[in-house]
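Enquirer: Take a look at the following structure, please.
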Amino acid sequence: MSEMWINMGPQHPMTHGLWNLRVKIDGEMILDVDPEMGYLHRGIEKISEDRHYNEVITLMDRCCYVAGFAWEHLYIQSAEQALGLRPPERAEYLRVLCDEFQRIASHLMWYAAFVQDIGLMSPFLYGMRDRDLVLDLFQSYTGARMTYEYMRVGGVRNDVPPGFTDQARKVLDWLSDRFVEYDQLCLGSTIFRERCDDLGTLKANDCVAHGVTGPMLRAAGLKRDLRKDRPYAAYDRLEFDVAVADSADVTARYLVRMEEMRQSVRILRQVVDWLDRHPGPVLAERLPRWLGAPYAPIGNEGYLLKRHYAKGVGFSAVEEPHGEAQAYVVNDGGEHPYRVKFRSPVFANISAARQYLVGYHVADIPPIMGSVDVCVGEVDR
Amino acid sequence: MQPDDIARQLAPKLGDGLLSVEPFPGTAGRVRFRSERALELFRAVRDDLHFGHLSMVGAIDWVDHREVFYVAWSDAATQYLFLSTDVPASAAHVESASSVWPSANWHEREAWEMVDVTFDNHPDLRHLLMPDGYAFHPLLRSFKLHEPEELEVKSRHV
Amino acid sequence: MTTPTASVAPAKPPGPEGLRPEGPLPTVTQAAVPFIEIETLRAREFLPAAREALTSLIAEQGQTKVIRPVFNWAGRNSLFPLHWGLACCAIEFAAAFGGRWDAERFGVVPRSSPRQCDLMIVNGTVTWKVAHKLITLYEQMPEPKWVIAMGNCATGGGPFRTAYSVVPGVDKLVPVDVYIAGCPPRPEAMLDGILKLEQLIRERKE
Amino acid sequence: MASATLYSVSDGLASALLHALGSVLPGPARAAVTNPNVIVGLAVLIFAVILLAASMLNTILLIWWERKLLGRFMDRRGAMHVGFAGLLQNFADGLKLFRKNTFQPQEADPLGFYTGPCAYMVTSLIIFGVLPISSGWNAGTLPLTLLLALAIFSFAPLFIFVSAWSSNNKYSLMGGMRSAAQMIAYEVPILLAVVAVILVAGSFNLTTIVYEQQNYWFWGPLVVALIVFVAGMLAEMERIPFDLPEAEAELVEGWNTEYGGMLFAFFMLADYLRALVGSILVVLLFLGGWTMPTWVPGALTSFPLAGIFWFMVKTYTVFGLFVWVRASLPRVRTDQLLRVGWNRMIPLSLLSIFLAAVLVTVKCLPLLGCVPGVGS
Amino acid sequence: MASPITAKEKPSENPILFVARPMATAARQFAKSLIRPATIVYPYERLEDPTFRDRVAVASGRPIGVGHVWDNYRGVHALNIATCISCNLCAFSCPDLCIEMVTVPGGDPKHPKKCPEIDYGKCSYCGFCSDACPEGCLTMTTRYELSVARRAEMVYSPEKLYDVFRTKLPMNPIRVERPANEDAILLDPPLCIGCNACSRDCPTQCITMLDIPKPAAKPGEKQTKRIWKEPVINDSDCVRCGTCISVCPKECLFWGTRK
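Residue numbers (this note's numbering), protein chains in the order written: chain B, 1 to 381; chain V, 382 to 539; chain D, 540 to 745; chain A, 746 to 1121; chain G, 1122 to 1380.
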């Protein structure tokens, strides 16, 4: 067979979303790849310029639909910087609670998709089943499974309901037991190791050059985690380790993500204990109502804003489950953000696709792209 | 790393290419530079200040001019650095950073198609998010969204 | 098959052009006009024609009194949806096939090839860039086929319907049989939509 | 019932039918109708129809069995709302696919596109003619039924490749090529493993092989051959971990990407027909066919159709093993698959032949009757 | 910044007999789910049914329904038409512009009663409207099934929302509390012409027009034709809907902090 280009996508079981991987193959070997994005470009940055600060939150949940909380947190941090607000401490802990549970949920979703890519059928359902438990917890205090609209500029919408912490502990216990099973199903299998070892290698210096962050970078041996390096919210008050692996291949990324889930469980146990001991307000006190309460007033918004907030910019970054996400919010004193710019970690991770795909087999594309953990929503925005 | 340190290290290399270094929230500082000296600045930032990782490239349309900004990260200092330069709206172009940081490639493609800033010597400047041949630049301020009323369900009470 | 929707204005093609008022547009908003020339009605014209041919055939032969319920039973109990994920709803779509809700109980098994599907669940935002492919996929599915618009983005563009790149509702592209509201709908709501579709198939007469 | 073979049943049915018909006909026509040749012809036809119906029914049951088992492995329930416990689910699927629109992709080659699935289906069905389901349920005493079965079984890659090539799709083509490579690679170890069985049983006839196992089943002494045979069968059936031709993750649906409607149903059915044949072959060659160990109480083995009953129990259990494998293992890669096939399986099967030869030579086979109490 | 490396190349599991370990795990899972799989048989069993949750979660020890607090779920709205004051806040707060205020019977001709009509084809269930509702008459319920064959059936008129209210589904109990010292609506007296528009349109009737003394006319200045009344806003009754600001012809009302 001579060389040919094939389109993997936009409707293809490998993509887990809407994008197109154009692959140039010779037989079963990959000669070149060209990711084609934009099939889910919804203009979130443009719509944000047309909305009030709190209303952008509804877009953030849908921007990255497997890690909605992380993106809410990211945007809220930047908007608070741009407006000069600070949330109460309990809200910070609640945000960490959201973030870490979201990390577990996102990694479980990744696990489900990844094992399906290498042909494991039942762990896909185990992953989805256990993810639903986390989503049950989200639902119990935010009222939704995936699109939460929970964080507000200056805090969070409401406190967790009574009895939440006990249920959270139950779920954490259940999850820690399941992680063992996951490892048995994947690492305990010779076929899995044969499939994933030395596959899709991307060394640390290539990662840095191509802007790759998150578990992919840590799998290459670079110990970089914003939660440690530039602690935000309540992370500086919590104990955890950064998961790192050496071999920079698919197995290493698997190991890093599994370890991150274990570390998240560790963080969450501390957070849940803290929440039990420290009741308090969850929304900053002296908030003008149109920011504190989540609705837009009519008339004289410009006046109100100029009175309370001068111009400002906000730049912040969070360690999202996929990597390092950044948001840049420009407040020109108007009622809407002047410009919102997001940096999606998966965007950079996919842009380096040529580095870790060329030279492998066609059959290796699903495991490698699965280990990248693509969420198209945040790439295209 | 403080803004003053950055200015002290960059000034000898860039001379008048460096406009100012000022504090910026969440980062070590904001370096404002002349767009003509972009490539020198990128090299200096990467090699002398050891900001080896370029996180983000974006652009803002300030109607009269456009601002191109870069966010770099240093593992040694565990800090971000914000670089920004102004280009006139009539001739919005700046040297591509992808020869210094390969990760700039896609970010610059996006900035080009969204805010209409051309990146000189970019290896592959074509549409990323919008289809080929899309003639508009949506994140310009002059580009307006649909009015919601246009999209109403026509026969609402049928 | 039921008449697609009330939102379809039959006199005028409800494509991107139909959304706008008559007359020349101001230059600034010109940019917001969807940029792809889509033959919106290809699939739409095909369906009534096929239905007409089928109906006349049945009327001539007059034999389907017994067979129709049997095939309707088979059709509604074995809906193979197309396996693809557009946006947020795709995650709930996947969750519905996960262990807790297990859509396979109803015989709903996702297939990756449109040739083997009866049901297209449009689970997410449809952009103009993917609109061509969506229509192609729809046309590749053999008759009889159904479309479910899952979630608000597929129903009417959802929170993104003002955006320049988003199709305000998949019923502008293909005929939709069942709309499921929700943002995203719970997996139960999706199953409810499938049950609703089964009800429609049970009641259909042609 | 043990004496009533399937052929005698259909023969009796045919002669009764034709004689009844002949009794109402005038003389010359009666003689023509009750001609023994005609009776034999009709008997063969009835025989074929019964076989066809039985094998199709079993295949559909097998799909149901897989769906339910797989559901429990995955912590869910599987099809359950159509018919009792979802038993009618596959009938609904089949009916629906039957009434779907038939089409042909624009660039496809019609000849290969249509004949491929039909031939695939037909060759899979023919095998049932030579498989002895019970002492009476076979097509007679052909001497080389085992070889015939395996020969027909290995037709499949040809038709898969033809249909994949004709549908003019890159994914189909890659799936077809993988399928061909894989089936050819695994044909050899399967045949070599079967040689071990033949050595021990001393016959190419499946019925004889089963009767040779009345004292001890072959899976104990020939465990190496069994492993090779089961692994090869997994590859031949294109099931996980060897389902590369249909690898959903990279090749959309593999070689049947462009097929829909009834043609796709043919592929689906033929796949499971082959799975059924594979399970049956494992039972016949290694698990004693319809015979049961002597320690099983006589009441359990002497009721009418007991042979068929136990045969089916064994077959479905073997298929349950395949489902178990499918539920817990990932898919291998093409090069790994071929490497395992040529570099591991063939030496293993040669080893099994050697072991079988040793066993036959030293005549210690009865000592190795494996299941406790299997030896009579 | 140094932290211990935790996931080195030392996997927690290693293969035993090639594939024995995953197969054993799958078999264990199979044995567990033979008794009761995690599936809920949806149309017959529902997660929002607390008896079902207790039965399954407690009896089988399976992870079904753990952590469910269903009262908070944000589903279809319920509207109590009787207590709705037509303040428009829900429509203003909606980020997706899916709420339209339509006239319902019950108001007087001068002040038609307007209640929200919600288009569920656009609603993103963010809950901003029910958070904004000052009277608590627009709440979200736990109903989530909303599949229709015609797009227009997704538009819920106030009467339909009232039907949801009458089904007594569990309502979302979380209310966002108001800040203690909230901004209020202030008056810029020199601009006011006493036109009574604000008082007339105030949904809570918290604005009263009080007479103010008519200043003596300065010599040479023409007497203005204004009515010598001035609105006084009762802050405790005011729901801060801003209707008065929007109807004020002279833009003399504005947001601010009352001293």
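Every residue gets a Cβ at the ideal spot worked out from N, C-alpha and C, and that includes glycine.
Below 7 Å CB to CB, which residues in the same chain sit around leucine 989 (chain A) once its five sequence neighbours on both sides are set aside?
Expert: Arg923, Gln927, Arg1076, Thr1079 and Leu1082
Enquirer: Between tyrosine 718 (chain D) and chain V, is there a C-beta pair that is closer than 9 Å?
Expert: Chain V contact via Cβ: absent.
Enquirer: With 9 Å as the threshold, decide whether the Cβ of methionine 1261 (chain G) is near any Cβ in chain B.
Expert: Using a CB distance cut-off of 9 Å, methionine 1261 (chain G) counts as an interface residue toward chain B.
Enquirer: Our contact map puts phenylalanine 695 (chain A) next to leucine 796 (chain A) with C-beta atoms below 8 Å; I'd like the distance itself, whole angstroms only.
Expert: Missing from the structure shown is residue 695 (chain A); chain A here goes from 746 to 1121 and no further.
Enquirer: Check each candidate in G:Lys1234, G:Lys1153, G:Asp1192 and G:Val1276 and name the one with the smallest Cα separation from isoleucine 1220 (chain G).
Expert: G:Val1276
Enquirer: Beta-carbon separation of histidine 322 (chain B) and glutamate 378 (chain B) under 9 Å?
Expert: A contact, by the Cβ cut-off of 9 Å.
Enquirer: Whose Cβ in chain D lies nearer than 8 Å to the Cβ of methionine 495 (chain V)?
Expert: By Cβ distance, chain D contributes nothing, its closest Cβ being about 11 Å from methionine 495 (chain V), past 8 Å.
Enquirer: Nearest chain V C-beta to tryptophan 623 (chain D) closer than 9 Å, yes or no?
Expert: At a cut-off of 9 Å between beta-carbon atoms, tryptophan 623 (chain D) makes no contact with chain V.
Enquirer: In terms of residue numbering, what span does the alpha helix (DSSP H) encompassing methionine 1013 (chain A) cover?
Expert: 1006-1031
Enquirer: List, in order along the chain, the chain B residues whose C-beta lies closer than 7 Å to that of arginine 1076 (chain A)?
Expert: Within 7 Å Cβ-Cβ: Ile118 and Gly119.
Enquirer: Does tyrosine 182 (chain B) come within less than 9 Å of chain V when only Cβ atoms are used?
Expert: no
Enquirer: Pick from D:Ile660, D:Pro653 and D:Asn691: whose alpha carbon is nearest that of glutamate 682 (chain D)?
Expert: D:Pro653
Enquirer: By Cβ distance, which residues of its chain are closer than 6 Å to serine 1094 (chain A), with the 5 residues on each side in sequence left out?
Expert: Counting only Cβ-Cβ distances below 6 Å, and skipping sequence neighbours, we find Pro934, Leu937, Ala938 and Val973.
Enquirer: I'd like the span of the beta strand (DSSP E) that includes threonine 1329 (chain G), first residue to last.
Expert: 1328-1332
Enquirer: I'd like to know whether the C-beta atoms of serine 912 (chain A) and alanine 1015 (chain A) end up nearer to each other than 9 Å.
Expert: One thing to note: serine 912 (chain A) has its Cβ no nearer than 9 Å to the Cβ of alanine 1015 (chain A).
Enquirer: Helix, strand or coil for isoleucine 1086 (chain G), going by three-state DSSP, please let me know.
Expert: Outside the displayed range of chain G (1122 to 1380) lies residue 1086 (chain G), so it cannot be described from this structure.
Enquirer: Let me know the secondary structure DSSP gives methionine 699 (chain D) once reduced to three states.
Expert: What sits at residue 699 (chain D) in the sequence shown is phenylalanine, not methionine. Helix.
Enquirer: Residues of chain B with CB under 7 Å from serine 704 (chain D), in chain order?
Expert: His41, Arg42 and Gly43
Enquirer: Answer yes or no: does any C-beta atom of chain B fall closer than 9 Å to that of tyrosine 1246 (chain G)?
Expert: yes
Enquirer: Return helix, strand or coil for tryptophan 685 (chain D), following the three-state DSSP convention.
Expert: strand
Enquirer: Should phenylalanine 240 (chain B) and arginine 227 (chain B) be called a contact, given that it needs their Cβ atoms to be closer than 9 Å?
Expert: yes
Enquirer: Would you say aspartate 731 (chain D) and isoleucine 719 (chain D) are within 9 Å of each other, going by their C-beta atoms?
Expert: yes
Enquirer: Taking Cβ to Cβ, would you say leucine 31 (chain B) is nearer than 9 Å to isoleucine 44 (chain B)?
Expert: no
Enquirer: Spell out whether any CB of chain A is found under 9 Å from the CB atom of arginine 654 (chain D).
Expert: yes
Enquirer: Would you check if the segment 723-742 of chain D and the segment 621-634 of chain D touch, i.e. whether three or more CB-CB distances between them fall below 8 Å?
Expert: yes
Enquirer: Secondary structure at phenylalanine 450 (chain V), three-state DSSP: helix, strand or coil?
Expert: strand
Enquirer: Count the other CB atoms within 10 Å of the CB of tyrosine 1165 (chain G); is the residue buried (16 or more) or exposed (fewer)?
Expert: exposed
Enquirer: Would you mind sorting tryptophan 19 (chain B) into buried or exposed? The rule is 16 or more other CB atoms within 10 Å of its CB.
Expert: By the 10 Å Cβ count, tryptophan 19 (chain B) comes out buried.
Enquirer: Here's the rule I'm using: 16 or more other beta-carbon atoms within 10 Å means buried, otherwise exposed. How should glutamine 116 (chain B) be labelled?
Expert: buried
Enquirer: Counting only Cβ-Cβ distances shorter than 7 Å, please list the residues of the segment 224-253 of chain B near chain D, keeping chain order.
Expert: none
Enquirer: My output table needs one value for phenylalanine 240 (chain B): the three-state DSSP class, helix, strand or coil.
Expert: Phenylalanine 240 (chain B) falls in the coil class under three-state DSSP.
Enquirer: Quick check on glycine 695 (chain D) - is its C-beta less than 9 Å from some C-beta in chain G?
Expert: yes
Enquirer: Is the beta carbon of methionine 128 (chain B) less than 9 Å from the beta carbon of alanine 144 (chain B)?
Expert: no
Enquirer: Would you decide whether proline 366 (chain B) is buried or exposed? Buried here means 16 or more other CB atoms lie within 10 Å of its CB.
Expert: buried
Enquirer: If you reduce the DSSP assignment to three classes, tell me which class glutamine 569 (chain D) lands in.
Expert: Unreliable placement is indicated for glutamine 569 (chain D), whose pLDDT of 37 sits below 50; the coordinate value is still reported in the next sentence. If DSSP states are grouped into helix, strand and coil, glutamine 569 (chain D) belongs with the helices.
Enquirer: Taking only three categories from DSSP, how would you classify aspartate 380 (chain B)?
Expert: helix
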